[in-house]
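Trainee: Pasting in a structure now, in structure tokens, and then I'll have a few things to ask.
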Amino acid sequence: MVGNEQAARGTTKPAMGSSSQESNVSQVSNENQQASATTPKQPMQAVVGSVTKDANGWDWTSNGSFCSSGSRIVLGWNVDVIDLNVVAMTDQVVHTFIRFKADKKELFCSFVYAHNRYTHRRPLWDNLGLHNQLVRNRPWCVLGDFNSALNLEDKIEGSSLIDIAMREFKECVDANELVDINRSGLQFTWTQKPRGLDGTLRKIDRIMANLGFLDSFAGAHAKHRTSKRTDQP
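So, in structure tokens, the structure goes:
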């Protein structure tokens, strides 16, 4: 996301050696990975080693102090390429301010790992609204695992109705004037296949941005890799 000619890449995948609900990785980069966010529910030191074996020149932080056990979100970034300052954090989001050293471009970036229950996600939606008041019209992207589909086309099978979880998520997105950035790759990033049933496919991982971001980073896009996280009761 360092300029109009250089693309941003957002990917989600399970970390090796962990179950689908234990780890999710989001990366933001140009040609090489420059920032990484992982949602592992593991000690921060273990995650640093699993995300990259060559961590020279990288700095790390996590929201472990806001979590009941472990760290739900761990951030790593290449200090030679970007300056990253943590603005605020909760157990479901880490808000950052990023400045690219090469071209001096700046943006706010919020890394999300939402709770499983929709009632527990309500503080997250409120928090994003408060953060938007700080951002105003400056570039802002919000990315990660929202644990909810946003639109009916974001899921296959299961209920064909917009449930309360989707409605509250959409209200948050609309209120903060966020839209999905251009993407390629896998449409559905999560699957559940109960025994004897065809199963459900959903898009719960996404990268969204405001108009300020789209104007400043016109070439940005999300790339979802071909692996899906799976729950099999």
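So the number in my numbering is just where the residue sits in the sequence shown, counting from 1, plus 164. Virtual Cβ for every residue (Gly too), placed ideally from N, Cα, C.
Out of curiosity, what's the CA-to-CA distance linking lysine 268 and alanine 252?
Mentor: Distance between the alpha carbons of lysine 268 and alanine 252 is about 22 Å.
Trainee: How many Å lie between glutamate 332 and valine 243 at the Cα?
Mentor: Taking the straight line from one Cα to the other gives about 37 Å.
Trainee: Spatial neighbours of phenylalanine 230 within its chain, please: C-beta separation below 7 Å, excluding the five flanking residues on both sides.
Mentor: Same-chain partners within the cutoff: Met253, Thr254 and Asp255.
Trainee: Are there 16 or more other CB atoms within 10 angstroms of the CB of asparagine 311, so buried, or fewer, so exposed?
Mentor: Answer is buried; the Cβ neighbour count reaches 16.
Trainee: State buried or exposed for lysine 367, treating a residue as buried only when at least 16 other CB atoms are found within 10 Å of its CB.
Mentor: By the neighbour-count rule (16 or more Cβ atoms within 10 Å), lysine 367 is buried.
Trainee: Going by C-alpha distance, which of Val250, Asn315, Val306 and Thr283 is nearest serine 274?
Mentor: That would be Val306, whose Cα lies nearest to the Cα of serine 274.
Trainee: Short of 6 Å in beta carbon distance, which residues of its chain neighbour alanine 386, apart from the five on each side in sequence? Order them along the chain.
Mentor: Taken in chain order, the residues that qualify are Gly174, Ile345, Arg347 and Ile371.
Trainee: Does the beta-carbon of histidine 284 have 16 or more other beta-carbons within 10 angstroms, so that it is buried, or is it exposed?
Mentor: Under this definition histidine 284 is an exposed residue.
Trainee: Going straight from the alpha carbon of aspartate 247 to that of leucine 325, what length do you get?
Mentor: Taking the straight line joining both Cα atoms gives about 43 Å.
Trainee: Checking 8 Å against the spacing of the C-beta atoms, do phenylalanine 377 and tryptophan 304 come in under that value?
Mentor: Yes; because the gap between Cβ atoms is below 8 Å, this pair is in contact.
Trainee: Tell me whether glycine 221 is buried or exposed, calling it buried when 16 or more other Cβ atoms sit within 10 Å of its Cβ.
Mentor: The residue is exposed, with fewer than 16 neighbouring Cβ atoms inside 10 Å.
Trainee: Comparing C-alpha positions only, which one of Ser232, Thr260 and Gly234 sits nearest to glycine 240?
Mentor: For the residues Ser232, Thr260 and Gly234, the minimum Cα distance to glycine 240 belongs to Thr260.
Trainee: Can you tell which of Ser226, Val245 and Ile262 has its C-alpha closest to the C-alpha of valine 299?
Mentor: Considering only alpha carbons, the answer is Ile262.
Trainee: Does the distance from the C-beta atom of valine 294 to that of glutamate 341 stay below 8 Å?
Mentor: According to the sequence displayed, residue 294 carries leucine and not valine. No, these two residues do not count as a Cβ contact at 8 Å.
Trainee: On the criterion of 16 or more Cβ atoms from any shown chain inside 10 Å, does arginine 236 qualify as buried, or is it exposed?
Mentor: Buried is the call here.
Trainee: As an exercise, report each continuous beta strand (DSSP E) stretch of at least 3 residues that is fully enclosed by the stretch 242-321, in chain order.
Mentor: Listed in chain order, the complete beta strand (DSSP E) runs (minimum 3 residues) inside the stretch 242-321 are 246-253, 257-264, 270-277 and 304-309.
Trainee: Do the CB positions of asparagine 291 and valine 257 come within less than 8 Å of each other?
Mentor: Yes, these two residues count as a Cβ contact at 8 Å.
Trainee: Can you tell me which residues form a DSSP beta bridge with isoleucine 326?
Mentor: Isoleucine 326 pairs with nothing; no bridge assigned.
Trainee: Tell me which same chain residues have a C-beta within less than 7 Å of the C-beta of asparagine 280, skipping the five on either side of it?
Mentor: Same-chain partners within the cutoff: Asn311.
Trainee: Terminal residues of the continuous beta strand (DSSP E) containing serine 233?
Mentor: It is not in any beta strand (DSSP E) - serine 233 carries neither H nor E in the DSSP assignment.
Trainee: Confirm, please, whether the CB-CB distance from valine 337 to alanine 373 is below 8 Å.
Mentor: Not in contact: alanine 373 and valine 337 (Cβ atoms no closer than 8 Å).
Trainee: Taking the straight line between their C-alpha atoms, what separation do you get for tyrosine 277 and glutamate 270?
Mentor: Spanning the two alpha carbons is a distance of roughly 23 Å.
Trainee: Go through its chain and collect everything with a Cβ distance to isoleucine 328's Cβ below 7 Å, but skip five positions before and after it.
Mentor: Tyr282, listed in sequence order.
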